[in-house]
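Below: one structure, written as structure tokens.
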Amino acid sequence: MFEFEVQMVVESILDMRSNLRLFNFYDPYHEEKMFSFCSDKPPKQLHTREQMIMFHSPVIKSFIGTGFRKMSIIRHPYYCQLLLQLVHGTQLQLSFRRLLPVANRYKVYAVVRKCEFRLLCLMKNDASSETIQEYFNLALWYNLKTLWTVLLKHVTSLEELKVYTSQMNVGTMPGEAMKKVAQRIFSFA
Numbered sequence: 001m002f003e004f005e006v007q008m009v010v011e012s013i014l015d016m017r018s019n020l021r022l023f024n025f026y027d028p029y030h031e032e033k034m035f036s037f038c039s040d041k042p043p044k045q046l047h048t049r050e051q052m053i054m055f056h057s058p059v060i061k062s063f064i065g066t067g068f069r070k071m072s073i074i075r076h077p078y079y080c081q082l083l084l085q086l087v088h089g090t091q092l093q094l095s096f097r098r099l100l101p102v103a104n105r106y107k108v109y110a111v112v113r114k115c116e117f118r119l120l121c122l123m124k125n126d127a128s129s130e131t132i133q134e135y136f137n138l139a140l141w142y143n144l145k146t147l148w149t150v151l152l153k154h155v156t157s158l159e160e161l162k163v164y165t166s167q168m169n170v171g172t173m174p175g176e177a178m179k180k181v182a183q184r185i186f187s188f189a
């Protein structure tokens, strides 16, 4: 009599509503090659291949280098799942307001750049002064250099530039951003 075990591994799921291939982060494959995010909220655990997350996040790479294989997620496990989907190449409509803090915290710059690209696309559709002010703040807070450059080109007068930059703390502004603001000020002279 023969005994054997059948194990089925689902790597991805096809979402029929959006016609997108979503990666399965719920099932661990080989424990020694996996990194896990744990939460007390659903999804409880997300597993990803350690090489993929190490490539994209120097923060998590340093955890893995010291022997950690699990990380607790206190807030926003759903956005951590979105972050993993984006790291694996899934093209999702993303909520940059929620995803930028998570991507920035773990220094996943590929996702930060995708959020920046999304902001640039949204800016074309909505260029109201409130939106521009919010984008200036996001560009400064998350050091979104391309967005910062495009926003400064969007400003048409010195008075408008004063309005957008008046709420910003010059002491915490990156040097490169300060240079671009100074350059824009001198372009109006």
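Be aware that the sequence shown starts at 1, since it is given in full-length UniProt numbering, and climbs by one per residue. Ideal Cβ placement from N, Cα and C applies to all residues, glycine included. All of these numbers come straight from a predicted model, not from anything done at the bench.
How far does the alpha helix (DSSP H) with residue 84 in it reach, from first residue to last?
Counting from 1 along the sequence shown, the entry for residue 84 is found at position 84. Boundaries of the alpha helix (DSSP H) around residue 84: 77-87.
Among the residues of its own chain, which have a CB less than 6 angstroms from the CB of residue 142, if the five just before and after it don't count?
For this step, residue 142 is matched to residue 142 along the sequence shown. Around residue 142, the same chain offers 100 and 104 as residues with beta carbons nearer than 6 angstroms, after the five sequence neighbours per side are excluded.
Measuring CB to CB, does residue 221 end up less than 8 angstroms from residue 188?
Given that the chain is displayed from residue 1 to residue 189, the structure contains no residue 221 and the question cannot be resolved.
Would you identify the three-state DSSP class for residue 49, choosing helix, strand or coil?
Counting from one through the sequence shown, the residue named residue 49 turns up at place 49. Three-state result, residue 49: strand.
Whole-Å CB distance - residue 64 paired with residue 39, under 8 angstroms assumed:
Numbered from its first residue, the sequence shown carries residue 64 at position 64. Numbered from its first residue, the sequence shown carries residue 39 at position 39. Contact between residue 64 and residue 39 is ruled out by a C-beta separation of about 19 angstroms, above the 8 angstroms threshold.
Quick test of the definition: if touching needs 3 or more C-beta pairs under 8 angstroms, does the stretch 132-151 touch the stretch 106-121?
The stretch 132-151 is in contact with the stretch 106-121.
Output needed for residue 111: all residues of its chain with C-beta closer than 6 angstroms, excluding positions within five of it in sequence on either side, in chain order.
On the sequence shown, position 111 is the one that residue 111 refers to. The residues 83, 86 and 103, in chain order, have a CB closer than 6 angstroms to that of residue 111 in the same chain once the five nearest residues on each side in sequence are set aside.
Buried or exposed (CB count within 10 angstroms, at least 16 for buried), residue 6
Along the sequence shown, one-based indexing puts residue 6 at 6. Note on residue 6: pLDDT 47, under 50, position unreliable in the model; the coordinate value appears next. Burial call: exposed.
For residue 61, which residues in the same chain have their Cβ closer than 7 angstroms to its Cβ, ignoring the five residues on either side in sequence?
Numbered from 1 along the sequence shown, position 61 holds the residue referred to as residue 61. The residues are 54.
Give the straight-line distance between the Cα atoms of residue 130 and residue 183, rounded to the nearest whole angstrom.
Taking the first residue of the sequence shown as 1, we reach residue 130 at position 130. Taking the first residue of the sequence shown as 1, we reach residue 183 at position 183. Spanning the two alpha carbons is a distance of roughly 24 angstroms.
Coarse secondary structure for residue 34, derived from DSSP in three states:
Locating residue 34 in the sequence shown gives position 34, where the first residue counts as 1. If DSSP states are grouped into helix, strand and coil, residue 34 belongs with the strands.
Length of the line joining the Cα atoms of residue 95 and residue 122
Here the question's residue 95 lines up with position 95 in the sequence shown. Here the question's residue 122 lines up with position 122 in the sequence shown. Rounded to the nearest whole angstrom, the CA to CA distance from residue 95 to residue 122 is 12 angstroms.
Can you grab the Cα-Cα spacing for the pair residue 168 / residue 125, in whole Å?
The residue given as residue 168 occupies position 168 in the sequence shown. The residue given as residue 125 occupies position 125 in the sequence shown. So the alpha carbons of these two residues sit roughly 25 angstroms apart.
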